[in-house]
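The next block holds one structure in the form of structure tokens; read it before the comments.
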Amino acid sequence: MAIGGDAGRVVGDGASAGDDNIILNPEFDNGLDDWAGSGCKIELHDSLDDGKVLPVNGKYFVAATGRTDTWNGVQQDVTSRLQRKLLYEVAATVRLSGANVPSAPCDVWTTVAVQNSDGRQQYISVAKSQASDKEWVQLQGKFLLNSTVAKAAIYIEGPPAGVDLLLDSLVVKHAQKATPAPAPDFENLEYGANILQNSDLDDGLNGWFGLGSCALSVHDGGPRVLPPMAQESLALDDEPLNGKHIHVTNRAQSWMGPAQIITDKLTLYATYQVSAWVRIGGQAAGAPQNINVAVAVDSQWLNGGQVLARDERWYEIGGSFRVEAKPASRVMLYVQGPDPGVDLMVAGLQVFPVDRKARMKHLRKLTDKVRKRDVVVKVTTSSGGGGVEVRVRQVSNSFPLGACIMRTNMDNEDYVEFFTKHFNWAVFGNELKWYWTEPQKGQLNYADADDLLKLCSDHGMCVRGHCIFWEVDNAVQQWVKTLSTDELSAAVNSRINGLLTRYKGKFRHYDVNNEMLHGSFYQDKLGKDARAAMFKTASELDPDALLFVNDYNVESMCDIRATPEAYIDQIIGLQEQGAPVGGVGLQGHVSNPVGPVVRAVLDRLAVLGLPLWFTELDVSSANEHVRADDLEVMLREAYAHPAVEGVVLWGFWELFMSRDDAHLVDAEGEVNEAGRRLLQLKREWLTRAHGHADDNGEFKFRGHHGAYHVDVVTPTGKISQEFTVDKDDAPLVLNITV
Numbered sequence: 037m038a039i040g041g042d043a044g045r046v047v048g049d050g051a052s053a054g055d056d057n058i059i060l061n062p063e064f065d066n067g068l069d070d071w072a073g074s075g076c077k078i079e080l081h082d083s084l085d086d087g088k089v090l091p092v093n094g095k096y097f098v099a100a101t102g103r104t105d106t107w108n109g110v111q112q113d114v115t116s117r118l119q120r121k122l123l124y125e126v127a128a129t130v131r132l133s134g135a136n137v138p139s140a141p142c143d144v145w146t147t148v149a150v151q152n153s154d155g156r157q158q159y160i161s162v163a164k165s166q167a168s169d170k171e172w173v174q175l176q177g178k179f180l181l182n183s184t185v186a187k188a189a190i191y192i193e194g195p196p197a198g199v200d201l202l203l204d205s206l207v208v209k210h211a212q213k214a215t216p217a218p219a220p221d222f223e224n225l226e227y228g229a230n231i232l233q234n235s236d237l238d239d240g241l242n243g244w245f246g247l248g249s250c251a252l253s254v255h256d257g258g259p260r261v262l263p264p265m266a267q268e269s270l271a272l273d274d275e276p277l278n279g280k281h282i283h284v285t286n287r288a289q290s291w292m293g294p295a296q297i298i299t300d301k302l303t304l305y306a307t308y309q310v311s312a313w314v315r316i317g318g319q320a321a322g323a324p325q326n327i328n329v330a331v332a333v334d335s336q337w338l339n340g341g342q343v344l345a346r347d348e349r350w351y352e353i354g355g356s357f358r359v360e361a362k363p364a365s366r367v368m369l370y371v372q373g374p375d376p377g378v379d380l381m382v383a384g385l386q387v388f389p390v391d392r393k394a395r396m397k398h399l400r401k402l403t404d405k406v407r408k409r410d411v412v413v414k415v416t417t418s419s420g421g422g423g424v425e426v427r428v429r430q431v432s433n434s435f436p437l438g439a440c441i442m443r444t445n446m447d448n449e450d451y452v453e454f455f456t457k458h459f460n461w462a463v464f465g466n467e468l469k470w471y472w473t474e475p476q477k478g479q480l481n482y483a484d485a486d487d488l489l490k491l492c493s494d495h496g497m498c499v500r501g502h503c504i505f506w507e508v509d510n511a512v513q514q515w516v517k518t519l520s521t522d523e524l525s526a527a528v529n530s531r532i533n534g535l536l537t538r539y540k541g542k543f544r545h546y547d548v549n550n551e552m553l554h555g556s557f558y559q560d561k562l563g564k565d566a567r568a569a570m571f572k573t574a575s576e577l578d579p580d581a582l583l584f585v586n587d588y589n590v591e592s593m594c595d596i597r598a599t600p601e602a603y604i605d606q607i608i609g610l611q612e613q614g615a616p617v618g619g620v621g622l623q624g625h626v627s628n629p630v631g632p633v634v635r636a637v638l639d640r641l642a643v644l645g646l647p648l649w650f651t652e653l654d655v656s657s658a659n660e661h662v663r664a665d666d667l668e669v670m671l672r673e674a675y676a677h678p679a680v681e682g683v684v685l686w687g688f689w690e691l692f693m694s695r696d697d698a699h700l701v702d703a704e705g706e707v708n709e710a711g712r713r714l715l716q717l718k719r720e721w722l723t724r725a726h727g728h729a730d731d732n733g734e735f736k737f738r739g740h741h742g743a744y745h746v747d748v749v750t751p752t753g754k755i756s757q758e759f760t761v762d763k764d765d766a767p768l769v770l771n772i773t774v
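So for the sequence shown, the numbering used here puts the first residue at 37; every next one is plus one.
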């Protein structure tokens, strides 16, 4: 039976897109009808523990007892009542019971188990929360079925074996669309104005106080120029500082430092840039010291910027933050980080709202230089070619713009249509990772990667190989962790040989060993040469693939493990060991990005002479308009920088993103403000030109790199031609004879 006129969206008879709860007997008014235990028994109760545990929604609740594993719990078959490509919201009321309940709360979760019509099985994690035997709690989440389903069931499960799991009620409904919030009102925001009181210290320490028992004093001898990132944002090349700085002594804890209350000076959703000079005292004795500008928003901590001071020089610290929740009762900015006993000095600290529109104008000018080329269409006719009409239309931009896709997304034709229409590169979310292709030793699974690769090949899309290895300990499958050194070495060789031999020539890039700034599993087990050996072997097996390092937080200056300098040192170290590093991956999981901060990182990394790529870009904001602005900042900064050779988004579809409030398209296919901004930029980066050839038969324009179509119209007819504008400093001359 077709629902809503779309037979392709039906799972089975009785599927409903209405507001009704699809769960039968949701509050157990009909006893245990329609319910079953999953690997355990279920019992109906109206109370437990001498009346201390009572139902909260109806007259009864159910208890899952005799549980011997975490997956044991309560289940209901929902096969005939779900509709594909619809977003469902789930609310389950649960608690724990019995003699074996741990003292600390433990996880309970909701899972939808699906067997697709092609026989593939899928387990969709819907919601997770911590529960105890003290009170009822609610699990809330959402899910969507991409494919036609042969069988589906919903499960409540999770606590340790021996713990009874209670379910009071379960509601699964078609999720109603929420009305998007309007764009924030920044009309009265004074861009570039420092919100800190007495930042120049001309009034001593007025407005400042020390956290804890530390002592503050004002001294001369500080820098007399603004930090470079602030100069670029404020367009002030020669604005002097007065040389005064705060000197912090008697620091008994790392969090002690200068602070200021800024509660009433912030505008919700505005992006604030942080800029300062910082320095440590000689007490550090050469030990590197972390210095951080922190923002305490009630009980929440925000990172306003971070730097690692290795000596007693002045260091620039730059970053950003944004407050999105309801107005806070107290917001405090403070500088912290060095070890107890180490003096801290701060000069020229500024916090100011960023004028993103002004930055965009600047980036358009840079883009014109970096991503365009002069073109001369030279028309020759029997009468010379002067005056003929020329119409130029760019068909596609050659700049690599990609997105992440997973095997389950292939079953949703709406997802595939958006993906193949708007992107020219791809990366797989999990399907090429070792823990996916070999979850158990010797049990190889390349079927999902094969399917995705065929989809991309069929649509002419280039693909990044992510990733051969992953250096972070918690991303290594358990069977690999149990191997001896010799066994691990053999397994590593088997993995890289098997993968790159199978897919030789199929992947344009490989992330060889993911996140080496944040993990060292293979290096610790196999020695300091292990990483370089991976690069060398990969190059031998697939010489045409560009081999990347890939890591996170580098672009944000908020992580002392992932500074641009640390990344550069790592890459140079690999090269000195003979590793053929061919590209630098910046994952780009960013929050409240500020253009000059991002640009400063790109400039530093560009000295390597290697192509830079944003490999996993996503931005997150509950407000779609702010999310759109964040995305535009990142895309424009990347497109305007000569060292950046591609951008890949880490997803775009709701529920299939690694971060909340990051999607560009909602679960049911509606493009939101952030998605519209992406499409707007793509249109802006396509050139159109229309006019007439001059007396020399020449029509000149400057266009983005990519594929073009030109029509030359004369009184006797029209001639059309396709051509490509490649990157080059010399003008492209296109000769057309009519």
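All C-beta atoms, glycine included, are put in the ideal place defined by N, C-alpha and C.
Supposed contact pair residue j and residue i - C-beta distance, whole angstroms, cut 8 angstroms
i	j	result
ALA14	ASP587	Residue coverage of the chain in this structure runs from 37 to 774, which leaves residue 14 outside it and unanswerable.
LEU671	LEU717	6 angstroms
ALA295	TYR370	4 angstroms
LEU488	ARG531	LEU488 to ARG531, Cβ: 19 angstroms. No contact.
VAL310	MET381	Going by Cβ atoms, the distance from VAL310 to MET381 rounds to 17 angstroms, so no, they are not a contact pair.
VAL585	GLY621	6 angstroms
VAL367	LEU302	6 angstroms
Pairwise C-alpha distance: residue j and residue i
i	j	result
ASP450	GLY373	48 angstroms
SER434	VAL411	16 angstroms
PHE759	VAL428	10 angstroms
LEU583	ASN550	11 angstroms
SER235	GLN386	7 angstroms
THR537	ALA527	15 angstroms
GLU706	GLY73	38 angstroms
GLU681	VAL406	11 angstroms
GLU268	ASN589	21 angstroms
ASP697	ASP665	14 angstroms
LEU610	SER575	14 angstroms
HIS458	PRO220	28 angstroms
ASP85	LEU175	23 angstroms
VAL499	GLU467	13 angstroms
PHE737	ASP762	14 angstroms
ALA188	LEU524	39 angstroms
ILE596	GLN212	43 angstroms
ASN732	GLY422	6 angstroms
SER657	ALA229	24 angstroms
LEU399	ARG635	11 angstroms
ASP764	ALA483	41 angstroms
VAL746	ARG409	16 angstroms
GLN623	HIS81	51 angstroms
GLY293	LEU247	6 angstroms
Residue closest to residue i, alpha-carbon to alpha-carbon, out of the options
i	options	result
VAL254	ASP486, LEU247, ASP238 and GLN267	ASP238
GLY94	CYS76, VAL110, GLU63 and TYR471	GLU63
LEU644	TYR675, ASP605, GLY631 and THR651	ASP605
GLY739	GLY243, THR723 and GLN479	THR723
THR146	TYR124, ALA140, SER153 and ASP154	TYR124
GLY377	GLY243, GLU690 and GLN289	GLN289
GLY563	ASP522, TYR603, VAL173 and ILE316	ASP522
PRO195	PRO216, ALA99, ARG120 and ARG117	ALA99
LEU344	GLU601, VAL126 and PRO363	GLU601
Residue-chain proximity (residue i, chain C), Cβ-Cβ < 7 angstroms
i	result
LYS88	No chain C is part of this structure, which consists of one protein chain only.
Boundaries of the beta strand (DSSP E) in which residue i is found, first to last residue
i	result
LEU577	First-last for LEU577: 566 to 577, but that is the alpha helix (DSSP H), not the beta strand (DSSP E).
ASN586	582 to 587
LEU123	123 to 133
THR773	768 to 773
TYR370	367 to 372
GLU193	185 to 193
Extent of the continuous alpha helix (DSSP H) to which residue i belongs
i	result
ALA636	631 to 642
TRP649	Premise fails: TRP649 lies in the beta strand (DSSP E), 648 to 655, not in any alpha helix (DSSP H).
ARG713	709 to 720
Q. If you pair each beta-carbon of the stretch 354 to 371 with each one of the stretch 310 to 328, do three or more pairs fall below 8 angstroms?
A. yes
Q) Is there contact between the stretch 105 to 123 and the stretch 154 to 162, where contact requires at least three CB pairs shorter than 8 angstroms? A) no
Q.
Taking contact to mean 3 or more Cβ pairs, one atom from each stretch, closer than 8 angstroms, check whether the stretch 200 to 207 and the stretch 121 to 133 are in contact.
A. yes
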